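In this note's numbering, the protein residues as written are 1101 to 1515.
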């Protein structure tokens, strides 16, 4: 197996796709760390900052609706590189922007550019890995995404602690993304046949004559898949509430007097990274491959941890760090179980479209939550209130996913 050329190529595609996505969040998870200084310099409320985040997430959601389908029809490799380069450009433009409206528009565009990566990357992995290995591949892929949050948090904390201007948060981190895109373009190929191997999916949807309309019709006609999207919507809203507002929570607590508090927040994305990898094994080993049950357990646990953070605010750094780690672990880990539901419920030919619609739902929900969370903080003056919201959202996700049974046979109709 070790000398199998195809096996080596498989892992090369997975690892380099992971490597590329490892730096994608440097172009969007940097915003939370700039929010405090941005609100001060532009003299706007946290609610308005929330609307900027809303614009980016909405742009991402719209992009998922479009780009998932395109990934099934065109080159996902080209889409990823194009989106990444445009995202770098948008970040650099924001770093010289001097008005709220300009930041709002540029960040919305950046959301669309960032959306050109996830579904196409999922399409590449589906092309290279068979049904029995996709859970493992998607677990690694999801882990790369959450590790990207950790990397972005690390860079951002270093810049903030050194009292660097918020504009540098939009200049330095994205340079890593630019370098990763170059490596990705020259190494990764869309499917095995591009390197002389036999494709794991014999005939692509495009070759079967399935139109874009039929593709969407199949996805939106699958009730179980739509319920999974709804559950993921609440999961993503909880996740982005943590990602975006936890930096505000820590920066609002006299962080210059207690800079170690910022480093505690790094355990949030670290927990997300480990959770993303672990939940693939949790689903297979503890739940016999029943992904909905694994997701439900994870999200219910997330709700409990969020309540603990709110009602027992840790005065001890170790306890606070442990709770942040657990919140990240349970808030994001279940996503590794959501993505394989697309080929399981829809069929491999519709993976790109399915993942795009699922991700669109996730980011549409997340977008709707951002200005609401900002308003809550403005009204209460207490950033800790977001943990109550996270608990409620995670509980809703936990309940809804129980109505999905992925073990049923895939059924889709083309008319």
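Yeah, the Cβ is synthetic: ideal placement off N, Cα and C, and Gly gets one too. In this text, all values refer to a predicted model and were calculated from it rather than measured experimentally.
Ignore the nearest five residues each way along the sequence and tell me which others in residue i's own chain have a CB closer than 6 Å to its CB.
| i | result |
| --- | --- |
| residue 1200 | 1142, 1144 |
| residue 1220 | 1171, 1176, 1179, 1180 |
| residue 1515 | Residue placement at residue 1515 is flagged as unreliable, the pLDDT there being 35, under the threshold of 50; a coordinate-derived value is accordingly withheld. |
| residue 1395 | 1434, 1437, 1501 |
| residue 1410 | 1484, 1487, 1488 |
| residue 1251 | none |
Along the chain, where does the alpha helix (DSSP H) containing residue i start, and where does it finish?
| i | result |
| --- | --- |
| residue 1440 | No alpha helix (DSSP H) contains residue 1440, which DSSP labels as neither H nor E. |
| residue 1150 | 1146-1173 |
| residue 1345 | 1323-1351 |
| residue 1312 | 1312-1320 |
| residue 1432 | 1417-1432 |
| residue 1214 | 1200-1214 |
| residue 1299 | Careful: residue 1299 lies outside any alpha helix (DSSP H) and carries neither H nor E. |
| residue 1459 | 1451-1480 |
| residue 1118 | 1105-1121 |
Could you tell me whether the Cβ atoms of residue i and residue j are closer together than 9 Å?
| i | j | result |
| --- | --- | --- |
| residue 1228 | residue 1131 | no |
| residue 1473 | residue 1489 | yes |
| residue 1430 | residue 1494 | yes |
| residue 1351 | residue 1133 | yes |
| residue 1128 | residue 1183 | no |
| residue 1089 | residue 1167 | This structure cannot speak to residue 1089, because the chain is shown only from 1101 to 1515. |
| residue 1218 | residue 1340 | no |
| residue 1407 | residue 1491 | yes |
| residue 1257 | residue 1366 | yes |
| residue 1337 | residue 1432 | no |
| residue 1398 | residue 1498 | yes |
Thinking C-alpha only, which one of the options is nearest residue i?
| i | options | result |
| --- | --- | --- |
| residue 1255 | 1296, 1236, 1275 | 1275 |
| residue 1240 | 1105, 1435, 1104, 1287 | 1435 |
| residue 1344 | 1110, 1446, 1146, 1402 | 1146 |
| residue 1446 | 1419, 1319, 1486 | 1319 |
| residue 1123 | 1384, 1279, 1291 | 1279 |
| residue 1156 | 1478, 1464, 1335, 1485 | 1464 |
| residue 1293 | 1109, 1321, 1154, 1262 | 1109 |
| residue 1441 | 1338, 1326, 1188 | 1326 |
| residue 1196 | 1236, 1499, 1390, 1269 | 1269 |
| residue 1162 | 1467, 1297, 1405, 1125 | 1467 |
Going along the chain, which residues of its own chain have a beta-carbon closer than 8 Å to the beta-carbon of residue i, five neighbours each way excluded?
| i | result |
| --- | --- |
| residue 1149 | 1135, 1138, 1139, 1474 |
| residue 1364 | 1350, 1417, 1420, 1421, 1424 |
Within a Cβ cutoff of 7 Å, which residues of the same chain sit near residue i, ignoring the five residues on either side of it in sequence?
| i | result |
| --- | --- |
| residue 1244 | 1118, 1121, 1122 |
| residue 1115 | none |
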